[in-house]
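Numbering (the numbering used here), first residue to last: 6 to 235.
Yeah, the Cβ is synthetic: ideal placement off N, Cα and C, and Gly gets one too.
Given the structure is predicted, the values throughout are model-derived calculations rather than measurements.
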Ligand code: CTP
Ligand code: MG
């Protein structure tokens with residue numbers, strides 16, 4: 006379907022949830038998506054957040070191969086496929102199971118508290134004609150460029166103007182064509198899908214994100230998330 010074809014018509018929305026990482030930085034016994042967050046897993050929170058976002062989406066969850074059966078038990082009715090060694094490979098595994106979608110969102114399982122409004126803003130912007138859309142927030146801290154390496158005291162090169170910078174999160178939304186092209190042109194790896202799209206010349210738009218869309222990466226983040234759901 007062309008971009009123009011999405012406007013006015015009812016877009017079929019697919020959401021790929023990469024959840025196949027091991028969570029090394031979190032350092033728990035189980036892979037991050039399967040860690041408890043107030044009585045259910047981070048992954049279950051994430052999937053129920055998508056279900057409650059009012060976007061009527063088909064969801065594909067991508068988990069470590071050895072946890073596919075377990076994830077299917079946790080998430081009855083949800084499509085679950087095995088992921089790869091890198092996030093981009095996991096997204097490509099999800100993409101293969103998303104054949105019927107016109108608009109595809111990629112949303113990290115590690116962002117289980119993302120509010121409904123973020124999903125809607127991203128879907129609306131894709132339906133309105135943007136090929137690739139990411140949620141982003143202004144950066145609050147002052148940013149210094151340093152000479153990396155020294156663990157004790159790194160030398161500052163300069164202070165970066167933060168005004169035009171945005172810290173971006175997920176869900177990242179794409180027309181089906183844009184996401185396929187981003188992943189076809191890049192065997193390569195990137196920390197986000199919009200980065201792959203940029204590399205093949207696709208325009209990426211930023212819509213307002215939300216602080217609740219933060220990613221659980223470290224124990225600190227897990228503590229905050231547990232406080233927020235308690
Ligand atoms: N992810 C994935 N497949 C991978 C690696 C990551 O599906 N091979 C997913 C993670 O499960 C997570 C999201 O991509 O939902 C963002 O990755 P990140 O926060 O880096 O999670 P992990 O890779 O699990 O954590 P770490 O890098 O600390 O090991
Ligand atoms: Mg990782």
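Residues in the same chain with beta-carbon distance under 8 Å from residue i, minus the five sequence neighbours each way, listed in chain order, please.
i, result
"residue 190", "201, 204, 205"
"residue 208", "135, 136, 137"
Ordered along the chain, which non-local residues of its own chain (more than five positions away) have a Cβ less than 6 Å from that of residue i?
i, result
"residue 242", "Because the chain in this structure spans residues 6 to 235, residue 242 falls outside the shown range and cannot be described."
"residue 38", "24, 47, 48, 114"
"residue 91", "194"
"residue 6", "Caution is warranted here: a pLDDT of 45 is assigned to residue 6, below 50, making its placement in the model unreliable, and the coordinate value is therefore given only provisionally. Once the five neighbours on either side are set aside, the close Cβ partners of residue 6 are 107."
"residue 225", "none"
"residue 40", "33, 47"
"residue 149", "161, 164"
"residue 102", "65, 84, 86"
"residue 222", "30"
"residue 77", "85"
"residue 99", "21, 65, 67"
Measure the beta-carbon distance from residue i to residue j and round it to whole angstroms, keeping in mind my assumption that it falls under 8 Å.
i, j, result
"residue 123", "residue 214", "6 Å"
"residue 234", "residue 199", "Between residue 199 and residue 234 the Cβ distance is about 28 Å, and since that is not below 8 Å, they are no contact."
"residue 107", "residue 16", "5 Å"
"residue 85", "residue 66", "5 Å"
"residue 170", "residue 117", "Incorrect: roughly 25 Å between the Cβ atoms, too far for contact."
"residue 119", "residue 218", "4 Å"
"residue 212", "residue 140", "6 Å"
"residue 36", "residue 80", "Not really, about 15 Å apart at Cβ, beyond 8 Å."
"residue 57", "residue 153", "In fact, because the Cβ distance is near 41 Å, the residues do not count as touching under 8 Å."
Cβ of residue i within 7 Å of any heavy atom in the ligand CTP?
i, result
"residue 23", "yes"
"residue 152", "no"
"residue 222", "yes"
"residue 228", "no"
"residue 62", "no"
"residue 42", "no"
"residue 30", "yes"
"residue 34", "no"
"residue 115", "yes"
"residue 76", "no"
"residue 95", "yes"
"residue 38", "yes"
"residue 67", "yes"
For residue i, which residues of its own chain have a beta-carbon under 7 Å away from its beta-carbon, when the five flanking residues on both sides are left out?
i, result
"residue 8", "With a pLDDT of 47 at residue 8, under the threshold of 50, the modelled position of this residue cannot be trusted, and the question is left open."
"residue 70", "87"
"residue 151", "159, 160, 161, 162"
"residue 132", "11, 12, 16, 108"
Let me check you understand the geometry: is the CB of residue i closer than 7 Å to at least one non-hydrogen atom of the ligand MG?
i, result
"residue 88", "no"
"residue 2", "Any property of residue 2 remains undetermined from this structure, which presents the chain solely from 6 to 235."
"residue 125", "no"
"residue 17", "no"
"residue 92", "yes"
Between residue i and chain D, is there a C-beta pair that is closer than 8 Å?
i, result
"residue 148", "Judged by its chain identifiers, the structure shown contains no chain D, having just a single protein chain."
Next on the checklist: Measuring CB atoms only, is the stretch 167–178 touching the stretch 113–132, in the sense that at least three cross pairs come out at less than 8 Å?
Outcome noted: yes
Checklist entry - Does the stretch 156–165 come close enough to the stretch 56–76 that 3 or more CB-CB pairs lie under 8 Å? => result no
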